[in-house]
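Structure record follows, encoded as structure tokens.
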Amino acid sequence: MYFQNKMKIFIASCCMILIGLSVHAVDSTNIQNTSKSATFELSHSVTRKSMFSTRVLNSLISEANTVIGKFKVQNNTSDGFIVSISSTNSGYLKPASTQDGETDIAYTISIDRQGDIGEGVDFVGSIETAALASNAEVKILNTTATQTTPTDLTCEIEVVLASDQFFEMAGSYSDTLTVTYEDK
């Protein structure tokens, strides 16, 4: 009981001190032929986020539609960012040789997204073979103006073969995709 009473007194004292500390005022009465002013200092601070990570899920194309990896983007800067993708072989799985009549296998890229995409950020979810020609960088995510809300997004990259006509035919095929994040 003694301890409880002491604790109540302590808590009440702390509350009164906090109330006394939180109120700052300048009172001036009977101001005549002069002026009085007060200043109010304001501040606002948000920690900058600009993060990009990738994860390879599968490098072997074993089906006509194969999820090959994921990337995650977090960005809360007003000037935003760009995420682009490029193909070394211009959107084709190229054969290691043509000894048995192998030919290029065209593919498209499908991007599935989950999460929040910032206002002011453009998104491209499907990329055709022709867009990847000449090792072009195709912008998947691009802040074209000002990003006004944060982006916190995970995207899954899927390779979709244009045709499965030659999929089971002999040969060794490859390409390299490069996903690039650029903070503006």
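Take the sequence shown: its position 92, counting from 1, is numbered 93 in the working numbering, and each next residue is one higher. We put the beta carbon where it would ideally sit given N, CA and C, even for glycine. In this text, all values refer to a predicted model and were calculated from it rather than measured experimentally.
If I follow the unbroken beta strand (DSSP E) through residue i, where does it start and stop?
i           : result
residue 80  : Unbroken run through residue 80: none, as it is neither H nor E.
residue 95  : 93-96
residue 142 : 139-144
residue 107 : 106-117
residue 57  : 51-57
residue 125 : Here residue 125 belongs to no beta strand (DSSP E), and DSSP marks it neither H nor E.
residue 154 : 152-162
residue 180 : 178-184
What does a CB cutoff of less than 6 Å around residue i pick up in its chain, not counting 5 residues either side in sequence?
i           : result
residue 24  : Note on residue 24: pLDDT 48, under 50, position unreliable in the model; no value is reported.
residue 172 : 96 and 103
residue 37  : 29
Which same chain residues end up closer than 7 Å to residue i when comparing Cβ atoms and leaving out the 5 residues on each side of it in sequence?
i           : result
residue 22  : Because the pLDDT at residue 22 is just 46, under 50, the model does not fix this residue reliably, and the point stays unresolved.
residue 106 : 93, 94, 162, 167 and 174
residue 63  : none
residue 109 : 127, 128, 129, 130, 161 and 163
By the 10 Å Cβ neighbour count, where 16 or more other Cβ atoms means buried, how is residue i classified, buried or exposed?
i           : result
residue 72  : buried
residue 76  : buried
residue 47  : exposed
residue 32  : exposed
residue 160 : buried
residue 58  : exposed
Using a Cβ-Cβ cutoff of less than 8 Å, which residues in the same chain neighbour residue i once the five nearest sequence positions on both sides are dropped?
i           : result
residue 185 : 78, 80, 81, 82, 83 and 144
Any beta carbon from chain C within less than 9 Å of residue i's own beta carbon?
i          : result
residue 71 : The structure shown contains no chain C, having only a single protein chain.
Counting Cβ pairs, one atom from each stretch, are 3 or more of them under 8 Å apart for the segment 85-103 and the segment 139-159? yes
Say whether the segment 124-136 touches the segment 42-60, bearing in mind that this needs 3 or more beta-carbon pairs closer than 8 Å, one atom from each stretch. no
The segment 119-126 contacting the segment 141-151, beta-carbon criterion three pairs below 8 Å: yes
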